[in-house]
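Residue numbers (full-length UniProt numbering): 1 to 319. Everything on this sheet refers to the single structure shown next.
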């Protein structure tokens, strides 16, 4: 990054490509991620930002522990950068096939826990991409707490309300964790009739040392020390291990429960009726939230994806 310039150079004009580079870094928080989104290398992005700062005479980005942030001058340039992006998108639409000016375009990058991505996000994203062929989606599965800025993604889905003061928090849905076992496991090992009896069973859940989500880390409180464990950072592995009779799984109820609530249209993913809920008195309420940087939410594609995730998959006519 170049040093700040005291005054703009009267001989330099702001280049549209430099504004687009600023927009990409502002949204993704990282030069490398911005470069990937633009189809260039990170040195090109760095050069364009340097040229922009030279033209305006001030810094437009400032480094933070979790990524690059817009300076006040950079924020004032944001509408101009978005206008350039909109103009280019309009030109591409009017010269392309179909001329559908209402279609969403661009790439939306999403980070979410695997369970949410699989059971809830995927049906929504599939519907959106069917209706909007120009919309591209990238999904990174990760179960971790929200950072102040998560570099390289547009929308971050987390368990529990995010503590990210520089981001916009959006509640998505409630869910809960419960204890499940296969019928074969119950036939061979017996079904626990009290929480104390869980001490005689192997527990299937996340690794303790790698779980930074406070709500999930506290989910096992009230359970005795188990006879053993099977640990994985993937919820599908939790489900599969429970199906195979390795032990009793602490699982999201939406992936296995066949109660009336989950037989409704609210259930958008597959269930596993081969698993049995044990100790229904043990339930851990949870919430999914989204964290989005304000400058990212100004993009129509990101706004539409976030609203769709919040509202669930509607009928085709509603899109």
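Note that the Cβ used here is the ideal one computed from N, Cα and C, for glycine as well. What you are looking at is a predicted structure, and each value in this text was computed from that prediction instead of being measured.
Which class does residue i belong to by DSSP, given the choice of helix, strand or coil?
i           : result
residue 123 : helix
residue 261 : Low confidence applies here, because residue 261 scores a pLDDT of 34, under 50, leaving its location unreliable and the question unanswered by this model.
residue 252 : strand
residue 167 : coil
residue 244 : coil
residue 14  : coil
residue 152 : coil
residue 219 : coil
residue 46  : helix
residue 74  : helix
residue 115 : helix
residue 132 : coil
residue 296 : helix
residue 161 : coil
residue 69  : strand
residue 99  : In this predicted model, residue 99 has a pLDDT of only 47, less than 50, meaning its place in the structure is not dependable; the value taken from the coordinates is given anyway. Residue state, collapsed to three classes: coil.
On the premise that residue j lies in contact with residue i, defined as a C-beta separation below 8 Å, what is that separation, rounded to the nearest angstrom?
i           : j           : result
residue 129 : residue 292 : Contact doesn't hold; Cβ gap of about 20 Å is too wide.
residue 242 : residue 249 : 3 Å
residue 23  : residue 81  : 4 Å
residue 45  : residue 55  : The Cβ separation is near 16 Å, so there is no contact.
residue 207 : residue 198 : 19 Å between Cβ atoms; not a contact.
residue 20  : residue 84  : 6 Å
Could you give the first and the last residue of the continuous beta strand (DSSP E) run that contains residue i?
i           : result
residue 287 : 275–292
residue 205 : 202–205
residue 141 : 135–141
residue 107 : 106–112
residue 37  : Per DSSP, residue 37 belongs to no beta strand (DSSP E); it is in the alpha helix (DSSP H), 31–38.
residue 62  : 61–64
Run the proximity test for residue i: is its beta-carbon closer than 7 Å to any non-hydrogen atom belonging to the ligand ATP?
i           : result
residue 182 : Among the ligands in the structure shown, none appear at all, so the ligand ATP cannot be discussed.
Residues in the same chain with beta-carbon distance under 7 Å from residue i, minus the five sequence neighbours each way, listed in chain order, please.
i           : result
residue 185 : 245
residue 125 : 137
residue 12  : 54, 55
residue 15  : 51
residue 308 : 124, 128
residue 200 : 227
Given residue i, which residues of its chain have a CB within under 8 Å of its CB, disregarding the five upstream and five downstream residues?
i           : result
residue 300 : 104
residue 297 : 168, 303, 306
residue 222 : 195, 282
residue 220 : 203, 205, 250
Under DSSP, the alpha helix (DSSP H) around residue i begins and ends at which residues?
i           : result
residue 232 : No alpha helix (DSSP H) contains residue 232, which DSSP labels as neither H nor E.
residue 303 : 300–311
residue 189 : 183–189
Of all Cβ atoms in chain C, is any one closer than 8 Å to the Cβ of residue i?
i          : result
residue 21 : No chain C appears in this structure, which consists of one protein chain only.
Please return the same chain residues whose Cβ sits closer than 6 Å to the Cβ of residue i, not counting the five positions on each side in sequence.
i           : result
residue 266 : Low confidence applies to residue 266: its pLDDT is 40, below 50, so where it sits in the model is not reliable, and the reading given next is rough at best. Taken in chain order, the list of residues that qualify is empty.
residue 138 : 109
residue 113 : 143
residue 174 : 287
residue 228 : 202
For residue i, which of the options has the nearest alpha-carbon?
i           : options           : result
residue 17  : 28, 49, 231, 205  : 49
residue 59  : 274, 74, 159      : 74
residue 278 : 203, 311, 214     : 203
residue 311 : 65, 200, 289      : 289
residue 107 : 65, 254, 154, 247 : 154
residue 180 : 255, 25, 218      : 255
residue 183 : 274, 39, 252, 213 : 274
residue 26  : 224, 43, 64       : 64
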